[in-house]
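Shown next, in structure tokens, is the structure this report addresses.
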Amino acid sequence: METIHKYKPTIFFGVPTLYNAMLHVEDWKNYNLTSLRFCVSAGEPLPPLIYIKWKERYGVEILDGIGSTEALHIYISNIPSNSKPGCTGKPVPGYEVKIVDEDGNEVPPKTIGDLYVKGDSVAMFYWNDYESTRKNMMGSWFRTGDKFYRDDEGYYYYVGRSDDMVKTAGLWVSPIEVESALLSHPAVLEAAVVGIPDEVGLVRVVGFVTLKQGYSPSSELAEEIRNYLREKLDHYKVPKEIRFITEIPKTATGKIQRYKFRLGEIK
Numbered sequence: 001m002e003t004i005h006k007y008k009p010t011i012f013f014g015v016p017t018l019y020n021a022m023l024h025v026e027d028w029k030n031y032n033l034t035s036l037r038f039c040v041s042a043g044e045p046l047p048p049l050i051y052i053k054w055k056e057r058y059g060v061e062i063l064d065g066i067g068s069t070e071a072l073h074i075y076i077s078n079i080p081s082n083s084k085p086g087c088t089g090k091p092v093p094g095y096e097v098k099i100v101d102e103d104g105n106e107v108p109p110k111t112i113g114d115l116y117v118k119g120d121s122v123a124m125f126y127w128n129d130y131e132s133t134r135k136n137m138m139g140s141w142f143r144t145g146d147k148f149y150r151d152d153e154g155y156y157y158y159v160g161r162s163d164d165m166v167k168t169a170g171l172w173v174s175p176i177e178v179e180s181a182l183l184s185h186p187a188v189l190e191a192a193v194v195g196i197p198d199e200v201g202l203v204r205v206v207g208f209v210t211l212k213q214g215y216s217p218s219s220e221l222a223e224e225i226r227n228y229l230r231e232k233l234d235h236y237k238v239p240k241e242i243r244f245i246t247e248i249p250k251t252a253t254g255k256i257q258r259y260k261f262r263l264g265e266i267k
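Using full-length UniProt numbering, the first residue of the sequence shown is number 1, and each one after it goes up by one.
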């Protein structure tokens, strides 16, 4: 915030974790961010609540989008004055995208499937990695490994990485949806949702949260959060357990490292 205040850029790029941290800076009124025309977010999905709070406070949109190293570019994005909270946007000119089922057939609107993309910047193969090339490079199409659905207006919505989706009691749960609901609770600062096997090997949804200042971990607060989620989510999406931790593990670019929870490195 000091950098924006001092150098007055007109466009700011960040990850959702950074935007969330900036929203919790106590002396934010001491920084002038009025030079910004709009902001851009990528690297991980932007929770709707962060978008809404940022726009209310600073009067500028955060344009969420998604790209990849293999494509060298963002290929789905919101655009200024036409962005939607919780939405990744529409295909960027120069790229084609499709959502397919397990058999490679395109799915109708509002149906979750695997996202494929093609465009002139998409890589042809992985260097010295035949298996990854065979798995992900489908002719001119690139299999992104992301789960998406699109609405009737052609907007695309990120559901999660294929390997991050949680299947419990035979039903798929999007960690992104549950995390967004958790972040809307007044006590929750950050959240991560994963599927963890119970003592008999059945996968259950578990929510890991860090708390805002002024809140302390307790069984009462955990149950309050679960009751709060019951009003926002289908019953099978509500975490069976809320665990309080001091920090959510992330990559250098701010992405949640969910595999650390699945491997039991974070308890």
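Note that CB positions come from ideal geometry on N, CA and C, so glycine has one too. From a predicted model like this one, the values you see are computed outputs, not experimental measurements.
Secondary structure remark: continuous beta strand (DSSP E) runs of at least 3 residues inside the UniProt domain "AMP-binding enzyme C-terminal" (177-255), in chain order: 188-197, 203-211, 241-244.
Nearest to Lys267 by alpha-carbon distance, out of Asp234, Val209, Pro186, Val238, is Val209. Here Trp127 is not bridged, per DSSP, to any residue. In this structure, the straight-line span from the alpha carbon of His24 to that of Lys8 is close to 21 Å. A distance below 6 Å between beta-carbons, with the five flanking residues on each side excluded, links Pro80 to the following residues of its chain, in chain order: Phe38.
Looking only at Trp172, Lys90, Val15, Gly67, the smallest Cα-Cα distance to Asp163 is reached by Trp172. Taking a contact as a CB-CB distance under 8 Å, the pair Tyr236 and Thr168 counts as one, their CB atoms being some 6 Å apart. Under the DSSP assignment, Leu171 falls in the beta strand (DSSP E) whose first and last residues are 171-173.
Per DSSP, Arg57 lies in no beta strand (DSSP E) segment; the continuous alpha helix (DSSP H) that holds it begins and ends at 48-58. When DSSP states are grouped into helix, strand and coil, His5 belongs to the helix group.
Burial is judged here by how many other beta carbons sit within 10 angstroms of a residue's own beta carbon; Arg230 has fewer than 16 and is exposed. When the alpha-carbon of Lys84 is set against those of Leu46, Ala123, Arg57, Gly104, the nearest one is in Leu46.
Less than 8 Å divides the Cβ of Val92 from the Cβ of Ile76.
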